[in-house]
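Asker:
Residue numbers (the numbering used here): 2 to 133.
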């Protein structure tokens, strides 16, 4: 029961993160974008950051495929002004899912949670022209 509750909370948390990120994307003005753009560029310029996060696998194919596709979308199509927010979501998913995958009691339900997150992300990322 506790493992199912943890999985449900993880999915809800991921959904809230996606929803919050999408809302902030719509409220950014052009004046804010130039300032945020500089901050995002500085924090995300090192190639080692992307390489280290992309290499960490969950061990569940549905999760690994979703994270790889989502990260590619964020890196190539999301404006730099809000890219850091999406990258934070990726790291939170990855950390949470790695913990769930490490537990044999929750690993079996993780594929379904990743599929559900992928469906929700597909809908929210269409505004950026992402298809995955």
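Backbone N, C-alpha and C define an ideal beta-carbon position, used for all residues, glycine too.
Rounded to a whole number of angstroms, what is the C-alpha to C-alpha distance between residue 1 and residue 120?
Answerer: Nothing can be reported for residue 1, as the shown portion of the chain is limited to 2 through 133.
Asker: Please classify residue 128: is it buried, with 16 or more other beta-carbons within 10 angstroms of its beta-carbon, or exposed?
Answerer: Position 127 of the chain shown, counted from the start, is the residue given in the question as residue 128. Result: exposed.
Asker: Just the Cα atoms here: how many angstroms apart are residue 133 and residue 77?
Answerer: Start at 1 with the first residue of the chain shown, and residue 133 comes out as number 132. Start at 1 with the first residue of the chain shown, and residue 77 comes out as number 76. Using only the alpha carbons, I get a separation of about 13 Å.
Asker: I'd like the span of the alpha helix (DSSP H) that includes residue 185, first residue to last.
Answerer: Any question about residue 185 goes unanswered here, given that the chain covers just 2 to 133.
Asker: Could you have a look at residue 75 and say whether DSSP puts it in helix, strand or coil?
Answerer: The count along the chain shown starts at 1 and reaches residue 75 at position 74. Residue 75: helix per DSSP, three-state reduction.
Asker: Following a CB-centred definition, is residue 96 positioned closer than 8 Å to any heavy atom of the ligand COA?
Answerer: Ligands are entirely absent from the displayed structure, and the ligand COA is therefore not among its contents.
Asker: CB residue 106 to CB residue 63, shorter than 9 Å?
Answerer: By 1-based counting over the chain shown, the position of residue 106 is 105. By 1-based counting over the chain shown, the position of residue 63 is 62. No, they are not a contact pair.
Asker: Looking at residue 59: is its Cβ nearer than 9 Å to the Cβ of residue 102?
Answerer: The count along the chain shown starts at 1 and reaches residue 59 at position 58. The count along the chain shown starts at 1 and reaches residue 102 at position 101. Result yes, Cβ atoms of residue 59 and residue 102 sit closer than 9 Å.
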